[in-house]
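Residue numbers (the numbering used here), protein chains in the order written: chain A, 20 to 325; chain B, 176 to 436.
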């Protein structure tokens, strides 16, 4: 479905995206595009959505170059970043126009607008102008315009920005539902927790380079050389005695009622730790991985390339 | 998968979609630019007549050429064109249109059509209002066609300039208010490169004849009204086409800046 072969993007002398190669297969599913601000996420999404042609290399969506290509554009939907909508227009009329620009007409257009509005929960407020809508409502309308024509590929650039927690959860549920129905979704964010809640498959970008690609677990496997911190709560002295005998130990810190250990290859030490605790070999009451989340993954990888 | 819309469907969709914009503030400014000078003229002429004075029909010709043609029409183009496709570029809403399978080259004209229709409506009303002041009724169709034809060309020119240059309004203002008056001192053939010349040819009247006091002025040339109308329509069509070509070829990203000239 998506294929990049050493595709790069320059803004004059500035490199927005280094030559990047990856492929996403056909079929539904959600892929997260992660990276801090300025990592090149929007550049990549602009290449994929056909807004900009690559400065070098090749971008193929559904087997064709997407830039100003109606055959590709008819099959994808884009929700750009930000809160930008045309001034002075009513949402329902604007959606009708966007539907017509996607090749819909007549009853199919009416049905598509109604379904898109219903999907994003805006059916009863679509008569409002954009100026009279809250940010969350406008974001839903922006999503509706991308869903109108039933795209096979949906691209969302930082869609959770500015949404309240309830709206985020609603949007996540909607995206999961669309993915289950066969839509391939590419969603960018600089907040790792958002993506972690949504999908396991990620592309990690940093300074215009694709650092890693795969599931969180696969990427985590790349990090075995980095120590991971675990807090072992229980009788600290006994826990520390057990820990110093482990070959994976990199560092140890005592706390009042716990010991914090830094270990390499957590996948090796964790089963041993759990087994020993279960057999009563160590007085362990709780185990808290301090940095096994996506933020740690992200920081490790980006630190390596900084 | 839906078939991509035809250029005609794209024009119809954008024109209808953006039509409500002309009924907002900028649209009423456009109407006011025509109606206020015409209404003021009518008021002044009515007061003169009430006081027993005689209002000459040549005054209507002066208001038409000096106020509507030379001032209000260019200002209308300078006001309306930025609300066309340029507005989407500046507000960064253009990507929402460009990711559609519709032909991008049709968007400038599609978005400009409501403004053209709205401006043309008020120009017709304005010219009809001026007719109340007096004047040869046989010249009325020529004046109507001249103003509407020039409006078509000037709006198209400003739309194109707005896509080509970041400060399109400035360049447009320089063209309308420097080049058009200044051309009278250049070789006569250059007069054909002004809207004023074609409007005067169509309307069958001039703001003023060249007098002996205008030492630098060149002889005024004439163009057949039919050719003048054709020139205005073709020039406008060429500008819309160039604006479409510019948009079709220029990558416009989410930041919008790539579209700048």
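Every residue, glycine too, gets a C-beta built ideally from N, C-alpha and C.
Shortest Cα-Cα distance from residue 282 (chain A) to any of A:214, A:141, A:251 and A:215 involves A:251.
Put simply, the region 285-299 of chain B touches the region 194-213 of chain B. At least three CB pairs are less than 8 Å apart.
Close partners of residue 209 (chain A) in chain B (Cβ separation under 8 Å) are lacking, with about 15 Å as the shortest Cβ gap. Straight-line spacing of the CA atoms in residue 171 (chain A) and residue 50 (chain A) works out to 14 Å.
Under the three-state reduction of DSSP, residue 220 (chain B) is assigned to helix. Shown here for residue 28 (chain A): same chain residues with a beta carbon closer than 7 Å to its own, the five before and five after excluded, namely 35, 36, 62, 66, 71, 73 and 74 in chain order. The secondary-structure analysis by DSSP pairs residue 253 (chain A) across a beta bridge with A:303.
Contacts with chain A (Cβ-Cβ distance below 8 Å) from the region 267-287 of chain B involve 267, 268, 270, 271, 272, 273, 274, 275, 276, 277, 278 and 279, listed in chain order. For the pair residue 253 (chain A) and residue 290 (chain A), the CB atoms are not nearer than the 8 Å cut-off. The continuous alpha helix (DSSP H) containing residue 61 (chain A) extends over residues 60-67.
Residues of the region 177-206 of chain B with a C-beta atom less than 8 Å from some C-beta of chain A are 177, 178, 179, 180, 184, 185, 187, 188, 189, 191, 192, 193, 195, 196 and 199, listed in chain order. In the DSSP assignment, residue 210 (chain A) falls outside any beta strand (DSSP E), carrying neither H nor E. Residue 111 (chain A) carries a helical assignment under DSSP once its states are collapsed to helix, strand and coil. In the three-state reduction of the DSSP assignment, residue 261 (chain B) falls in the helix class.
Contact of residue 79 (chain A) with chain B is not assigned, every C-beta pair being separated by 8 Å or more.
By the CB criterion at 8 Å, residue 20 (chain A) and residue 203 (chain A) fall inside the cutoff. Interface annotation, residue 75 (chain A): not in contact with chain B, CB-CB separation never under 8 Å. For residue 190 (chain A), the enclosing alpha helix (DSSP H) begins and ends at 184-199. Put simply, the CB of residue 427 (chain B) is near chain A, with a gap under 8 Å to one of its CB atoms. When DSSP states are grouped into helix, strand and coil, residue 35 (chain A) belongs to the strand group. Residue burial is scored here from C-beta neighbours: residue 285 (chain A) has at least 16 other C-beta atoms within 10 angstroms and is therefore classed as buried. No Cβ of chain B is located within less than 8 Å of the beta carbon of residue 59 (chain A). Residue 354 (chain B) sits exposed, since fewer than 16 C-beta atoms from the chains shown fall within 10 Å of its C-beta.
Chain B has a Cβ within less than 8 Å of the Cβ of residue 92 (chain A). For residue 300 (chain B), the enclosing alpha helix (DSSP H) stretches over residues 282-306.
When rounded, the separation of the alpha-carbon atoms in residue 277 (chain B) and residue 91 (chain A) is 11 Å. From the beta-carbon of residue 263 (chain B), the residues of chain A found nearer than 8 Å are 105. Think of a sphere of 9 Å around the beta carbon of residue 423 (chain B): the chain A residues whose beta carbon falls inside it are 87, in chain order. Separation of the CB atoms of residue 157 (chain A) and residue 102 (chain A) is rounded to 6 Å, and the pair is thereby assigned contact status at 8 Å. Remark: C-beta atoms of residue 404 (chain B) and residue 322 (chain B) do not approach each other more closely than 8 Å.
Under the Cβ criterion (8 Å, minimum of three pairs), the region 311-319 of chain B does not count as touching the region 341-355 of chain B. Residue range 228-234 is occupied by the beta strand (DSSP E) that includes residue 229 (chain A).
Those residues of the region 145-158 of chain A placed with their C-beta closer than 7 Å to a C-beta in chain B do not exist. For residue 113 (chain A), the residues of chain B that pass the 8 Å Cβ criterion are 192, in the order they occur in the chain.
Interface flag for residue 97 (chain A) against chain B is set, since a Cβ pair is found closer than 8 Å. By the criterion of a C-beta distance shorter than 6 Å, residue 396 (chain B) is surrounded in its chain by 363 and 366, once the five residues flanking it on both sides are discounted.
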